[in-house]
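>
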Amino acid sequence: MVKRIVIFASGSGSNAANIIQHFESNDQVQVVGICCNNSNAGVLNIAARNGVASHVFNKSELETTDVVDEILIKASPDLIVLAGFLLKFPNRLVHRYDGQVINLHPSLLPKFGGKGMYGTHVHKAVLQAGELESGITVHFVNDEYDDGAIIAQFSCELVDEETPASLQLKIKALEEMHFPTTVEKVLFKEFAH
């Protein structure tokens, strides 16, 4: 039985591309959809180039209608991956897909998580706090921002002359190296909720 992944993203889609590429030659896994809240996002081009169905919706449709619910019912995912998705995943969907929704966060949670903590906002906060390391966290999604059970964390050391831009490059490297393999482990139940 083929395992099915749906990815939610809001931006360029670099992590979506890495996941698609990781599973490209794996006949046991298929990325069956990319869902996006930004009609100008680069992730939609990645979906088109890779023959993956894409779906665009706005915040209101996500929060108050069945648009996204119907997309997910049709896609029948084994795993929903939030990869740079900037909206809060609705509680009704968190509960419907309990243990099947994971998120990538660009810090070592529980530090520097929560509403408004994404992208360079996180990197600036890490540096302003004088942290000696940062990293990425993959976690299950629950009703709160960045609060679900941690699946895996990967870290990098910070140097004195670190900038938000240089830290972002280190975080991107960690994401590229570890996120697709972590997704695979969750998909095949090597990490249980």
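In terms of the numbering used here, the sequence shown has 20 at position 18, counting the first letter as 1, and numbering is strictly consecutive. Every residue gets a Cβ at the ideal spot worked out from N, C-alpha and C, and that includes glycine. Treat the numbers as computed from the prediction; the structure is a model and nothing was measured.
1) Locate the alpha helix (DSSP H) running through residue 178, then write down its first and last residues.
2) Would residue 102 be called buried (16 or more neighbouring beta carbons within 10 Å of its own) or exposed?
3) Closest by CA to residue 152, which one among 111, 86, 30 and 73?
4) Do you know whose CA, among 142, 18 and 90, lies nearest residue 119's CA?
5) Just the Cα atoms here: how many angstroms apart are residue 104 and residue 81?
6) At a cut of 8 angstroms, does the segment 14-22 reach the segment 44-55 through at least three beta carbon pairs?
7) Counting only the same chain and skipping the five closest in sequence on each side, list residues whose C-beta sits under 6 angstroms from that of residue 44.
8) Checking the sheet assignment: what are the DSSP bridge partners for residue 32?
9) Closest to residue 183 by CA distance: which of 22, 12, 68 and 117 is it?
10) Between the C-alpha atoms of residue 136 and residue 143, what's the straight-line distance to the nearest angstrom?
11) With a 10 Å radius around its C-beta and 16 neighbouring C-beta atoms as the bar for buried, classify residue 76 as buried or exposed.
Considering the structure as presented:
1) In the sequence shown, the residue the question calls residue 178 occupies position 176. If you look at residue 178, you'll find it in the alpha helix (DSSP H) that goes 166-189.
2) Along the sequence shown, read from residue 1 onward, the residue named residue 102 stands at position 100. Buried.
3) For the purposes of this step, residue 152 is identified with residue 150 of the sequence shown, where counting begins at 1. When each option's Cα is compared against that of residue 152, the closest is 111.
4) Numbered from 1 along the sequence shown, position 117 holds the residue referred to as residue 119. Ranked by how close their Cα comes to the Cα of residue 119, the residues 142, 18 and 90 have 90 in first place.
5) Numbered from 1 along the sequence shown, position 102 holds the residue referred to as residue 104. Numbered from 1 along the sequence shown, position 79 holds the residue referred to as residue 81. About 8 angstroms.
6) yes
7) Working through the sequence shown from its first residue, we reach residue 44 at position 42. Counting only Cβ-Cβ distances below 6 angstroms, and skipping sequence neighbours, we find 14 and 15.
8) For this step, residue 32 is matched to residue 30 along the sequence shown. In the DSSP output, where bridge partners are listed per residue, residue 32 has 6.
9) Sequence index remark: in the sequence shown, residue 183 carries index 181 (1-based). Nearest of 22, 12, 68 and 117 to residue 183, Cα basis: 22.
10) Along the sequence shown, read from residue 1 onward, the residue named residue 136 stands at position 134. Along the sequence shown, read from residue 1 onward, the residue named residue 143 stands at position 141. In a straight line, the C-alpha of residue 136 is about 21 angstroms away from that of residue 143.
11) For the purposes of this step, residue 76 is identified with residue 74 of the sequence shown, where counting begins at 1. Exposed, because fewer than 16 other Cβ atoms sit within 10 Å of the Cβ of residue 76.
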